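*Asks:* My questions all concern the structure below.
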Amino acid sequence: MEKLITYFRLSKVELRKVIFPLKEQVRNAFITVLVVVFVVALFLWIVDLIMSSLLSLVVG
Numbered sequence: 010m011e012k013l014i015t016y017f018r019l020s021k022v023e024l025r026k027v028i029f030p031l032k033e034q035v036r037n038a039f040i041t042v043l044v045v046v047f048v049v050a051l052f053l054w055i056v057d058l059i060m061s062s063l064l065s066l067v068v069g
């Protein structure tokens, strides 16, 4: 039981060290992720379009 109490005590100490991100940091990270996902999706769409066209030419 003493190990459990020690665990919770140390967990509480560690949680005080956590620095949570500010609202602006979360917003900036969200926008960055959104832009990267959009760019990758656009790239994959273009590659798919090119590969489909080439395959259509080869198959007939």
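If you're matching positions, the sequence shown starts at 10 in my numbering and goes up one per residue. Just so it is clear, CB atoms sit at the ideal spot from N, CA and C, and this is done for glycine as well. Being a predicted model, the structure only gives us computed values, none of them experimental.
Please classify Phe29: does DSSP put it in a helix, a strand, or coil?
*Replies:* Within the sequence shown, residue 29 is the residue found at index 20, counting from 1. Correct three-state label for Phe29: coil.
*Asks:* Met10 by DSSP, collapsed to three states: which one?
*Replies:* Stepping through the sequence shown from its first residue, residue 10 is reached at position 1. In the structure shown, Met10 sits in coil (DSSP, three-state: anything other than H, G, I, E or B).
*Asks:* Whole alpha helix (DSSP H) runs in the region 15-68 with 4 or more residues, listed along the chain?
*Replies:* 32-68
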